[in-house]
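Peer 1: Here's a structure for you.
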Amino acid sequence: MVTASIWPNPTTAGADAHHLEHAAHGTLLTAALGYARAGLAVFPLRPQSKTPLIGKDAGGRGFHDATTDPNQILQWWTATPTANIGIRPPIGVLVVDVDPRAGGHTQLRRILARYGPLPQTWTARTGAGGWHHWFTLGDKTSSIRAQLARGIDLKTHDKGYLVAAPSIHPNGTTYRWTTPPQGQPAPAPAWLHRLAQLPRPLLPATSTNSAAAGHGRYSLQCLLARINAAPEGRRNTVLYGALKDALSDGNLTAFEPALAAAGHNRGLSAREIAATVASVRRSATHAGRN
1 MVTASIWPNP
11 TTAGADAHHL
21 EHAAHGTLLT
31 AALGYARAGL
41 AVFPLRPQSK
51 TPLIGKDAGG
61 RGFHDATTDP
71 NQILQWWTAT
81 PTANIGIRPP
91 IGVLVVDVDP
101 RAGGHTQLRR
111 ILARYGPLPQ
121 TWTARTGAGG
131 WHHWFTLGDK
141 TSSIRAQLAR
151 GIDLKTHDKG
161 YLVAAPSIHP
171 NGTTYRWTTP
181 PQGQPAPAPA
191 WLHRLAQLPR
201 PLLPATSTNS
211 AAAGHGRYSL
221 QCLLARINAA
231 PEGRRNTVLY
241 GALKDALSDG
251 NLTAFEPALA
261 AAGHNRGLSA
271 REIAATVASV
281 RRSATHAGRN
């Protein structure tokens, strides 16, 4: 359960469900007010668009304009009744934004096959056929990066916004909730939190790209096997060596995300991995390679 210090304008779980039910099925104005009453800050987007309605030249600040103030919301949607709804995730919330046009569905299937399913939580279907999966992380979102993998963005309070139901996509399709938002989103699984803190997005699990396939003495599979077999107490040292070997073959950029993910799976912290990657990259800079 999200605490009052994390979720703005907290209400009881029953009231949350009531307001969000209206948000899921009402007009754009009714929906915007429903989200706000449930503690979700909103701001207007251009009709049938993802672009903020108020441009920078008019003093707009994008998702930083988001508010739960009903008077401001009423003013915005009275002036532009067909404005789409943008939601800025509250502090402590992580939203996995899957875009099928960029291969997000394929990437998510591969990730779930390796790490396990996502728990049932607030879930919305986007106008483009993608998904928004909402999770709570307490106050641990500051280190979350903007992308999990190609086609999978991560939205937090300080990293972007979501187009919300019943907004209309540029293709004419309406955004809708498939798992209605009631109570609070489910806690993010531990593996998702770990992956979301990796220094770089995950590479596709398989690829025909020559850079991802690699070249030289050490294949990606060889280096991953080395990390997976590393004994406790030597995992960071083995990760460093694997990264250095990838560097020597000219594969550091291509292999780094997968090697970092393997280190995480073996129990290394995001901070340890980031420091190790940075050390190897510094050596690459000094050597003028990769």
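The sequence shown begins at 1 in the UniProt record's numbering and counts up by one.
Glycine included, each C-beta is placed from N, C-alpha and C at the ideal position.
Rounded C-beta distance between residue 189 and residue 118? I'm assuming under 8 angstroms.
Peer 2: Here residue 189 refers to the residue found at position 189 of the sequence shown. Here residue 118 refers to the residue found at position 118 of the sequence shown. Going by Cβ atoms, the distance from residue 189 to residue 118 rounds to 7 angstroms, so yes, they are a contact pair.
Peer 1: In the DSSP assignment, find the unbroken beta strand (DSSP E) run with residue 153 in it and report its ends.
Peer 2: For this step, residue 153 is matched to residue 153 along the sequence shown. Looking at the DSSP string, the run of the beta strand (DSSP E) that includes residue 153 is 152 to 155.
Peer 1: Is the beta carbon of residue 40 less than 9 angstroms from the beta carbon of residue 46?
Peer 2: For the purposes of this step, residue 40 is taken as the residue at position 40 of the sequence shown. For the purposes of this step, residue 46 is taken as the residue at position 46 of the sequence shown. No.
Peer 1: By DSSP, does residue 66 sit in helix, in strand, or in coil?
Peer 2: Here residue 66 refers to the residue found at position 66 of the sequence shown. Coil, per DSSP.
Peer 1: DSSP has residue 168 in a bridge; who is on the other side?
Peer 2: The sequence position of residue 168 within the sequence shown is 168, counting from 1. 174.
Peer 1: Mind checking which residues open and close the beta strand (DSSP E) that includes residue 123?
Peer 2: Here residue 123 corresponds to residue number 123 of the sequence shown, with the count starting at 1. Counting along the chain, the beta strand (DSSP E) containing residue 123 begins and ends at 123 to 125.
Peer 1: Decide if the region 95 to 113 is in contact with the region 143 to 158; the criterion is three or more beta carbon pairs, one per stretch, under 8 angstroms apart.
Peer 2: The region 95 to 113 is in contact with the region 143 to 158.
Peer 1: So residue 98 and residue 104 are supposed to be a Cβ contact under 8 angstroms. How far apart are they, rounded?
Peer 2: In the sequence shown, the residue the question calls residue 98 occupies position 98. In the sequence shown, the residue the question calls residue 104 occupies position 104. Confirmed, Cβ separation roughly 4 angstroms.
Peer 1: Specify the secondary structure class of residue 158 as computed by DSSP and reduced to three states.
Peer 2: In the sequence shown, the residue the question calls residue 158 occupies position 158. Reduced to three states, the DSSP call for residue 158 is coil.
Peer 1: For residue 247 and residue 227, I'd like the C-alpha separation in whole angstroms.
Peer 2: Walking along the sequence shown from the start, residue 247 turns up at place 247. Walking along the sequence shown from the start, residue 227 turns up at place 227. Looking at the two C-alpha atoms, the distance is approximately 16 angstroms.
Peer 1: Helix or strand or just coil, what does DSSP make of residue 44?
Peer 2: What you label residue 44 is simply residue 44 of the sequence shown in a count that begins at 1. Three-state DSSP puts residue 44 in a strand.
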